[in-house]
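> Sharing a structure here in structure tokens format.
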Amino acid sequence: AFERCRALKEWLAKLPDEYFIGGDNAYTLTDKLVTPYTKAEITGDEHKRTYNYYLSQLRIRIEMAFGRLTTKWRRLRSTLNFSNKTNSQIIRVCTKLHNCCIRMSLKDGTYVRPVVSGNVDELNPSAFGVDPFDGGGNRR
Numbered sequence: 001a002f003e004r005c006r007a008l009k010e011w012l013a014k015l016p017d018e019y020f021i022g023g024d025n026a027y028t029l030t031d032k033l034v035t036p037y038t039k040a041e042i043t044g045d046e047h048k049r050t051y052n053y054y055l056s057q058l059r060i061r062i063e064m065a066f067g068r069l070t071t072k073w074r075r076l077r078s079t080l081n082f083s084n085k086t087n088s089q090i091i092r093v094c095t096k097l098h099n100c101c102i103r104m105s106l107k108d109g110t111y112v113r114p115v116v117s118g119n120v121d122e123l124n125p126s127a128f129g130v131d132p133f134d135g136g137g138n139r140r
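Oh and the sequence shown: position 98 is 98 in UniProt numbering, straight run, nothing missing.
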């Protein structure tokens, strides 16, 4: 997938050194993309076996998180046929809304009354660690 998508390769090349992408054995190991060792490589090597275990656990947790997102935000169940930038924004908004629901202990199907006055300041997004004016909605 990385070889066929120039934009993804460029994004991966710009990834800061302290970050990496966890992949499965269908991908080739790089300095930014970590993959599991093969069965032959882990034979008799407890460190490699432990590495594979934790990489597997990481991937399972990520898949669970996406499962929860797609359950709550059904728009994510189908292909997002927009630009990469718009698709990223949709996923980012769904993630932030999902985190707000978790912090507010809202159960699925809970109705939240809309702001009556229309005053955005009443929503106080900073209570959720988000600055609405930072351009990227980054956590503080």
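Note that the Cβ used here is the ideal one computed from N, Cα and C, for glycine as well.
1) Determine the DSSP secondary structure at residue 44, reduced to helix, strand or coil.
2) Are the stretch 43-53 and the stretch 75-94 in contact at 8 Å, needing three or more beta carbon pairs?
3) Helix, strand or coil for residue 22? Go by DSSP, reduced to three states.
4) Pairing CB atoms from the stretch 94-101 with CB atoms from the stretch 14-24, are three or more of them under 8 Å?
5) Taking only three categories from DSSP, how would you classify residue 106?
6) Quick one: measure Cβ to Cβ for residue 36 and residue 25, integer angstroms, because I've assumed they're closer than 8 Å.
7) What three-state label does DSSP hand residue 55 in the structure shown?
8) For residue 33, which three-state DSSP category applies?
9) Looking at the unbroken alpha helix (DSSP H) that takes in residue 73, where does it start and where does it end?
10) Please report the straight-line C-alpha distance between residue 198 and residue 57, rounded to a whole angstrom.
11) CB-CB under 7 Å to residue 42, same chain, minus the five flanking residues each way: which ones, in chain order?
On the basis of the supplied data:
1) One-based indexing of the sequence shown puts residue 44 at position 44. In the structure shown, residue 44 sits in coil (DSSP, three-state: anything other than H, G, I, E or B).
2) no
3) By 1-based counting over the sequence shown, the position of residue 22 is 22. Of the three classes helix, strand and coil, the one that applies to residue 22 here is strand, per DSSP.
4) no
5) Taking the first residue of the sequence shown as 1, we reach residue 106 at position 106. Residue 106: coil per DSSP, three-state reduction.
6) Stepping through the sequence shown from its first residue, residue 36 is reached at position 36. Stepping through the sequence shown from its first residue, residue 25 is reached at position 25. That belief holds up - the Cβ atoms of residue 36 and residue 25 are roughly 6 Å apart, short of 8 Å.
7) Stepping through the sequence shown from its first residue, residue 55 is reached at position 55. Three-state result, residue 55: helix.
8) Residue mapping note: residue 33 aligns to position 33 of the sequence shown, counting from 1. DSSP places residue 33 in strand when its eight states are reduced to three.
9) Position 73 of the sequence shown, counted from the first residue, corresponds to residue 73. Segment: none, residue 73 is in no alpha helix (DSSP H) and carries neither H nor E.
10) Given that the chain is displayed from residue 1 to residue 140, the structure contains no residue 198 and the question cannot be resolved.
11) Here residue 42 refers to the residue found at position 42 of the sequence shown. Answer for residue 42: 48, 49 and 52, listed in chain order.
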